[in-house]
Amino acid sequence: MKSSIKTNQRVQFIDITDRVREAIKESQISRGIVNIFVPHTTAAITINENSDPSVIEDMTKWLAHLVPENAGFKHSEGNSDAHIKASIVGSSVTVPFDENGPQLGIWQGVYFCEFDGPRIRNVIIRVSQT
Ligand code: ZN
Numbered sequence: 056m057k058s059s060i061k062t063n064q065r066v067q068f069i070d071i072t073d074r075v076r077e078a079i080k081e082s083q084i085s086r087g088i089v090n091i092f093v094p095h096t097t098a099a100i101t102i103n104e105n106s107d108p109s110v111i112e113d114m115t116k117w118l119a120h121l122v123p124e125n126a127g128f129k130h131s132e133g134n135s136d137a138h139i140k141a142s143i144v145g146s147s148v149t150v151p152f153d154e155n156g157p158q159l160g161i162w163q164g165v166y167f168c169e170f171d172g173p174r175i176r177n178v179i180i181r182v183s184q185t
């Protein structure tokens, strides 16, 4: 399934775990893997803590520290920092699931990561039986 996400900041992490759960439910597959893929070059997908929001704050702050927005990049679009952050974080994750849903750890959530928003984005969630 293709899912649309509207971001409203330049850099923003959005918890999409519920969408992943929904896609698994809709598939009516009881056991397998779910792949969550972002078809964009300035956005990413990651799994991290969804309990303490400071973790996401720290991650966005340190990604900005590692890759400053204006560091004399060549790319004329002016968003090279977003391209680099997207590659550091990665464009997909795969999670096993069973009849209880995704087998994430108690503190884990699946995040869509915007690095050049605000925009309307797509996420592809593919559920497979294994
Ligand atoms: Zn660009």
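Residue numbers (our numbering): 56 to 185. The beta carbon of each residue, even a glycine, is placed where N, CA and C say it ideally should be.
Nearest neighbour of residue 110 by Cα position, chosen from 166, 178, 154, turns out to be 166. With a contact defined as Cβ atoms closer than 8 Å, residue 170 and residue 140 qualify at about 5 Å. DSSP, reduced to helix, strand and coil, places residue 81 within a helical segment of the structure shown. By the Cβ neighbour-count rule, residue 185 is exposed, with fewer than 16 other Cβ atoms within 10 Å of its own. Taking C-beta separations shorter than 8 Å and ignoring five residues to either side along the sequence, the partners of residue 177 in its chain run 57, 58, 59, 60, 93, 94, 95, following chain order. Residues of the same chain with a CB within less than 6 Å of the CB of residue 63, apart from the 5 flanking positions on each side, are 173 in chain order.
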